[in-house]
Amino acid sequence: MDRNIHIALNNLRNISSELRVNAQNMANANVPGFRADLSVTREASFLTPFDQFRSRVYSQEASQALFSTDEGGLQSTEAEMDIAIQGQGYFYIAPTSGGDPALSRRGDLSFDLDRFVVDGAGNRLLDIGLNPIQLPATRRIVVEETGQIQMELLDAPEGTFVAGPIIATSQAEGVVLAKSPDGHIRPANEAALPAPDQRARLTQGFLENSNVDTIGSLIQNIESQRQFEMSVKFIALAQEIDEGGTRIMRLPG
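In the numbering used here, the protein residues as written are 155 to 407.
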């Protein structure tokens with residue numbers, strides 16, 4: 155009966171991983187531009203056979219953490235530092251935790267103490283040269299669809315704008331993207347980050363909501379809980395069958 159228990163325990167581990175992914179999505183349902191993680195993909199593997207007649211097959215998590223590319227709804231905020239991408243595309247960011255540049259859809263921008271443009275998580279926004287964007291004191295900022303920043307400086311006549319950095323964007327066409335261990339979006343299999351193509355279209359004064367389906371996540375939680383209970387019952391049933399077989403084989407007296 156150990157094979158039955160092995161299958162049930164493997165299923166319990168898989169359900170636990172899916173519940174963890176679901177909880178991650180639910181926790182970020184209100185984060186602007188968040189991309190929902192998909193259920194963990196599986197790969198079949200073989201344990202080292204105990205002998206030539208016995209072996210065990212189990213599933214393990216794939217190394218790539220895929221995510222949903224569906225667009226979130228746009229919410230009007232009328233704030234000049236709120237930027238959303240219309241359709242497909244990504245910003246370039248330098249993660250606050252360090253590491254290589256990454257892609258992002260988060261557009262709730264602001265300034266840090268050094269006037270670098272950062273998103274709500276503190277990641278610095280990058281220009282087309284993949285350098286952090288730093289702006290002087292301004293009276294007003296206008297972001298064009300192409301990502302070009304126009305600035306009305308404090309010491310300039312009112313209504314006079316000067317061109318600033320260009321926000322780097324890319325549609326990352328033909329590139330398989332996945333989430334790295336730090337949670338940021340990068341090309342899968344450690345491929346190089348695509349160069350900015352400036353094909354994404356930006357809109358100022360809007361924020362993109364996360365694409366997490368909260369209702370679907372709640373339903374998935376219920377289904378996973380039922381599967382968990384069934385696996386536990388299966389283990390108990392395998393134990394009963396094993397004990398019954400032992401009693402039958404027991405010698406009289």
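For every residue, glycine included, the Cβ atom is placed at its ideal position computed from N, Cα and C.
May I ask you to list the residues that DSSP assigns as paired with residue i?
i, result
"D262", "D236"
"V271", "F265"
"E298", "Paired residues: none, contrary to the question."
"E397", "DSSP, once it has assigned bridges, lists no residue as partnering E397."
"E306", "R294"
"A248", "R278"
"S170", "Bridge partners of S170: none, in fact."
"F221", "D191"
Give a yes or no on whether the C-beta atoms belonging to residue i and residue j are separated by under 8 Å.
i, j, result
"I286", "A248", "A small correction: the amino acid at residue 286 is Pro; Ile does not occupy that position in the sequence shown. Yes, they are a contact pair."
"F221", "L257", "no"
"R380", "D254", "no"
"I159", "I389", "yes"
"R259", "F270", "no"
"I295", "I320", "no"
"Q242", "Q358", "no"
"G252", "G226", "no"
"T368", "A183", "yes"
"F382", "I169", "yes"
"L166", "S334", "no"
"Q288", "D268", "yes"
"A238", "L228", "yes"
Considering only C-alpha positions, which residue in the set the options is nearest to residue i?
i, options, result
"G263", "P255, R355, G253, L280", "It should be pointed out that residue 263 corresponds to Leu in this sequence rather than to Gly. Checking every option, the nearest Cα to that of L263 belongs to L280."
"E344", "A332, G337, Q352, A354", "A332"
"E172", "G398, K387, S378", "S378"
"A190", "A162, N168, I237, D224", "D224"
"E312", "R293, E383, T300", "R293"
"L347", "I282, V297, T314", "I282"
"V175", "S371, A322, E397, N165", "S371"
"A233", "Q240, T323, A219, G261", "G261"
"T231", "L307, F360, A349", "F360"
"Q240", "R278, Q352, E397, H338", "Q352"
"G301", "V330, T250, N164, L356", "L356"
"L284", "P350, G337, P335, A317", "P350"
"V329", "V272, A317, A342, E299", "A342"
"N277", "A219, T250, V297, I237", "T250"
"A162", "I376, L391, G398", "L391"
"G274", "M235, E306, Q374, E299", "M235"
"A354", "V185, E299, H338", "E299"
"G318", "V297, V185, I395", "V297"
Next item on the list: Would you mind listing the alpha helix (DSSP H) stretches within the stretch 308-352 that are 4+ residues and don't spill past its ends, in chain order?
Entry: Entirely contained in the stretch 308-352, not one alpha helix (DSSP H) run reaches 4 residues.
Check: Pairing CB atoms from the stretch 347-365 with CB atoms from the stretch 173-185, are three or more of them under 8 Å?
Finding: Touching, yes, given that three or more Cβ pairs across the two stretches are closer than 8 Å.
Margin query: For a minimum of 3 consecutive residues, which ranges assigned as the beta strand (DSSP E) are wholly contained in the stretch 354-395?
Written below: Positions of the beta strand (DSSP E) runs, each at least 3 residues long and wholly inside the stretch 354-395, are given as 355-358, 360-362 in order along the chain.
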